[in-house]
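Asker: Mind looking over this structure? Questions follow.
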Amino acid sequence: MFNVKREKCHHCNKTVYAMEKLSCEDKVFHKRCLRCKQCNKLLSTGNYKYIEGKFYCGPHFKVINFSTKKLLFLFYFF
1 MFNVKREKCH HCNKTVYAME KLSCEDKVFH KRCLRCKQCN KLLSTGNYKY
51 IEGKFYCGPH FKVINFSTKK LLFLFYFF
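Numbering (full-length UniProt numbering) for the sequence shown: 1 to 78.
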C-alpha cells in the first residue's frame with residue numbers, strides 16, 4: 001500500500017524514525033548515535049567536526065587535524 005523508505009542509522013544500522021533523526025554530512029543518525037570517534041561524547045548537528053569520514057568533538061578535531069597536518073608536512077618536506 002504505502003512504500004515508505006526506512007532510513008538506517010549510519011552508526012548502529014537500525015531504523016531511524018522522524019522524532020529521533022539527525023542528518024549530518026549526507027548520513028542519518030539517531031540522536032543518541034552521533035558521537036565523537038575519539039571520546040564517544042554525544043554530538044549534535046551544531047557541535048561536530050567532520051574529517052576523513054569520521055565525526056569529532058571540537059577539542060579532538062583540533063588534535064586530529066593538527067596531527068594530520070603535521071604528518072603531511074613531515075611527509076612532503078623530509
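Glycine is no exception: its CB is placed at the ideal position from the N, C-alpha and C atoms.
Looking only at its own chain, which residues have a Cβ that is under 6 Å from the Cβ of Leu74, when we skip the five neighbours before and after it?
Answerer: Here residue 74 is taken as the residue at index 74 of the sequence shown, counted from 1. Unreliable placement is indicated for Leu74, whose pLDDT of 39 sits below 50; no coordinate value is reported for it.
Asker: Can you grab the Cα-Cα spacing for the pair Arg35 / Tyr56, in whole Å?
Answerer: For the purposes of this step, residue 35 is identified with residue 35 of the sequence shown, where counting begins at 1. For the purposes of this step, residue 56 is identified with residue 56 of the sequence shown, where counting begins at 1. Rounded to the nearest angstrom, the two C-alpha atoms are 7 Å apart.
Asker: Distance, Cα to Cα, Tyr50 vs Lys5?
Answerer: For the purposes of this step, residue 50 is taken as the residue at position 50 of the sequence shown. For the purposes of this step, residue 5 is taken as the residue at position 5 of the sequence shown. Distance between the alpha carbons of Tyr50 and Lys5: 26 Å.
Asker: Just how far apart, CA to CA, sit His30 and Val16?
Answerer: Here residue 30 refers to the residue found at position 30 when the sequence shown is read from its first residue. Here residue 16 refers to the residue found at position 16 when the sequence shown is read from its first residue. One C-alpha to the other measures close to 6 Å.
Asker: How would you label Met19, buried or exposed, when you count the other beta carbons within 10 angstroms and need 16 or more for buried?
Answerer: Locating residue 19 in the sequence shown gives position 19, counting from the first residue. Met19 is exposed by the Cβ-count criterion.
Asker: Under the three-state reduction of DSSP, which class applies to Val16: helix, strand or coil?
Answerer: What you label residue 16 is simply residue 16 of the sequence shown in a count that begins at 1. The answer is coil: DSSP assigns Val16 none of H, G, I, E or B.
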